[in-house]
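Colleague: Take this structure, written in structure tokens, and hold onto it; I'll ask about it next.
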Amino acid sequence: MSQGTTSSTKPQVHATVEAVRSAVLAAKRDGRRVGFVPTMGALHAGHLSLIRIARRECDFVVVSIFVNPTQFGPHEDLSRYPRPLNADLAMCTGEGVDAVYLPATETMYPPEFATCVEVTGLSDVLEGAHRPGHFRGVTTVVLKLFQVVPADVTYFGQKDYQQQTLIRRMVADLNLPIEIRTCPTVRESDGLALSSRNVYLSADERQSALAPSRCLKLAEDRLRGGDRDLPAIRRAMFDLLAATPHVRPDYATLIHPDTLEEVSHVLPTLVAVVAARVGATRLIDNQIIEGI
Ligand code: PAF
17 MSQGTTSSTK
27 PQVHATVEAV
37 RSAVLAAKRD
47 GRRVGFVPTM
57 GALHAGHLSL
67 IRIARRECDF
77 VVVSIFVNPT
87 QFGPHEDLSR
97 YPRPLNADLA
107 MCTGEGVDAV
117 YLPATETMYP
127 PEFATCVEVT
137 GLSDVLEGAH
147 RPGHFRGVTT
157 VVLKLFQVVP
167 ADVTYFGQKD
177 YQQQTLIRRM
187 VADLNLPIEI
197 RTCPTVRESD
207 GLALSSRNVY
217 LSADERQSAL
227 APSRCLKLAE
237 DRLRGGDRDL
247 PAIRRAMFDL
257 LAATPHVRPD
267 YATLIHPDTL
277 EEVSHVLPTL
287 VAVVAARVGA
297 TRLIDNQIIE
307 GI
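Going from the sequence shown to the working numbering is simple: count from 1 and add 16.
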């Protein structure tokens, strides 16, 4: 890589702020709509669906690959998080990505780095309650990425429902000139939501990892069947998780789509959310339930 840039038919790979920003600004000067897909790499079909939507909707597509240390807790999987860089770059090439931003950790966080952004309230519940500091790390890095990659539109997966809610709040609160698109969760044929962490699951755990999506289906079926006893539905969701071998539930509940508060009565739209450890792997999933 010279000046943080490689290549011809492959995407340009930029390691520096200046290189990626000037590529994006040049595309915009040419009147091209720029789409941005932030990732931590270990790309799977879920990421590829975001990239494909971006490719369809935009003229210039940027993917960032950065395993962000500040969103991992001290006992989480930062050091073993998968980093299959060559495979990731090959996938970006296959999807016709125009530019990849691949910063070093010191580029994102130089030694004197001292600024964080936090969406208060929304950061403290659900995932935030189980992973203190996680969302401060996410919103800080995403804000930095939006500064470095001044795209027109950015793409996030619905699987990280709380993350996209927080990012929407941050973008609105800070008047950031970027549009956010939340795209459907991609699942295996048996319902397991795709996640870079699924590679950690043993064969037995892979079977147990179906419990979260089953528990979302249980909630949806009961609500669509006319059940309005939300505490009982929550209990049934939790019990389904707890009764599955290898599964330790963190939460299973029904929330307001914007405030993320637990709902006490049925709304036209609510979200079933679930988080559990399957063996040592923490999985999250959710289902937007509309029109009940
Ligand atoms: O969803 C992710 O992969 C990460 O949280 C993100 C948005 C790339 C920030 O590191």
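Heads up, the beta-carbon is just placed ideally off N, CA and C, and yes, glycines get one too.
Flag residue 55 as yes when its Cβ comes closer than 7 Å to any non-hydrogen atom of the ligand PAF, and as no otherwise.
Modeller: Yes - the ligand PAF has a heavy atom lying nearer than 7 Å to the Cβ of residue 55.
Colleague: Who pairs with residue 170 in a beta bridge, going by DSSP?
Modeller: Answer is 52, 196.
Colleague: Spatial neighbours of residue 209 within its chain, please: C-beta separation below 7 Å, excluding the five flanking residues on both sides.
Modeller: Same-chain partners within the cutoff: 175, 201, 203, 229, 301.
Colleague: Please give the ranges of any alpha helix (DSSP H) in the segment 186-266, keeping only runs that are unbroken, at least 4 residues long and fully inside the region.
Modeller: The qualifying runs are 219-224, 227-240, 246-258.
Colleague: Might you give, ordered along the chain, the residues of its own chain that have their beta carbon closer than 7 Å to the beta carbon of residue 234, omitting 5 neighbours on each side?
Modeller: Closer than 7 Å at Cβ, skipping near neighbours: 252, 253, 256.
Colleague: Who does residue 28 pair with in a DSSP beta bridge?
Modeller: Beta-bridge pairing links residue 28 to 115.
Colleague: Would the beta-carbon of residue 84 be found less than 7 Å away from any heavy atom of the ligand PAF?
Modeller: Within the cutoff, so yes.
Colleague: According to DSSP, is residue 298 helix, strand or coil?
Modeller: DSSP places residue 298 in strand when its eight states are reduced to three.
Colleague: So residue 50 and residue 43 are supposed to be a Cβ contact under 8 Å. How far apart are they, rounded?
Modeller: Correct: roughly 5 Å between the Cβ atoms.
Colleague: Taking 8 Å as the cut-off, decide whether the C-beta atoms of residue 159 and residue 54 are in contact.
Modeller: Their beta carbons are not under 8 Å apart, which means residue 159 does not touch residue 54 by this criterion.
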